[in-house]
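The structure appears below as structure tokens.
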Amino acid sequence: MLAHGQGGLLNASGLGRALAISTQTVLRYIDLLANLLLVRRLQPSHANLGKRLVKTPKVYVRDSGLLHALLNIESLDRLAGHPVIGVSWEGFVLENLLAALSWRTQPLFYRTAVGAEIDLVLERPNGERWAIEIKGV
Numbered sequence: 156m157l158a159h160g161q162g163g164l165l166n167a168s169g170l171g172r173a174l175a176i177s178t179q180t181v182l183r184y185i186d187l188l189a190n191l192l193l194v195r196r197l198q199p200s201h202a203n204l205g206k207r208l209v210k211t212p213k214v215y216v217r218d219s220g221l222l223h224a225l226l227n228i229e230s231l232d233r234l235a236g237h238p239v240i241g242v243s244w245e246g247f248v249l250e251n252l253l254a255a256l257s258w259r260t261q262p263l264f265y266r267t268a269v270g271a272e273i274d275l276v277l278e279r280p281n282g283e284r285w286a287i288e289i290k291g292v
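All letters in the sequence shown, in the order written, are residues 156 to 292 by this note's numbering.
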């Protein structure tokens, strides 16, 4: 079910209802998957800009091959016609960027309550903040 929500805001209570388990159990499973480096919880940026900001993390299956296997996408042609293609690319770029940066770089995302979004905000160890918008071709 996480694969179907790739790159979306985590809705633990919705997942719990769909799986007939408690929200706390969903969160424990996601914690386990994150600790096993299978899932990334991308936390929201809480920069105080005077706007209502989303405070729920986004969730990504970290390995695009695993994501595609979970979604039964067996070829590039099937991926090209699948609605997950955009967030699959977003997750792939995100993981590759983070692999190239210092482990002390804090990855975040920014989204207002009305939907304005930045896909990736990097808070660098030296205090710099980079905003990255990921677009496919």
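Positions of the beta carbon are idealized from the N, C-alpha and C atoms, including for glycine. Keep in mind that this is a model prediction, so the values were computed, not measured.
Kindly list the residues whose CB is nearer than 8 Å to the CB of residue i, restricted to its own chain and excluding five residues on each side of it in sequence; keep chain order.
i	result
residue 287	252, 273, 274, 275, 276, 277
residue 156	170, 173, 174
residue 194	157, 185, 188, 214, 215, 216, 217
Establish whether the CB of residue i and some CB of chain D are separated by less than 8 Å.
i	result
residue 170	Within the model displayed, chain D is absent; a lone protein chain is all it includes.
For residue i, which residues in the same chain have their Cβ closer than 7 Å to its Cβ, ignoring the five residues on either side in sequence?
i	result
residue 212	165, 196, 197, 198, 199
residue 168	178
residue 324	In this structure the chain extends from 156 to 292, so residue 324 is not present and cannot be described.
residue 245	162, 274, 289
Starting from residue i, follow its DSSP beta bridges and name the residues at the other end.
i	result
residue 163	214
residue 250	DSSP lists no partner for residue 250.
residue 183	Its beta-bridge partners do not exist; DSSP assigns none.
residue 226	Bridge partners of residue 226: none, in fact.
residue 277	262, 285
residue 194	216
residue 272	266
residue 199	264
Would you report the Cα separation of residue i and residue j, rounded to the nearest angstrom?
i	j	result
residue 271	residue 162	15 Å
residue 240	residue 177	30 Å
residue 232	residue 281	43 Å
residue 210	residue 230	36 Å
residue 201	residue 260	16 Å
residue 222	residue 180	22 Å
residue 265	residue 256	19 Å
residue 243	residue 160	11 Å
residue 190	residue 258	15 Å
In chain order, what residues of the same chain lie with their CB nearer than 6 Å to the CB of residue i, ignoring the 5 residues before and after it?
i	result
residue 228	234, 237
residue 285	277
residue 279	260
residue 225	158
residue 263	198, 200, 276
Q) With a cut-off of 8 Å, do at least 3 Cβ pairs link the region 243-250 to the region 213-228? A) yes
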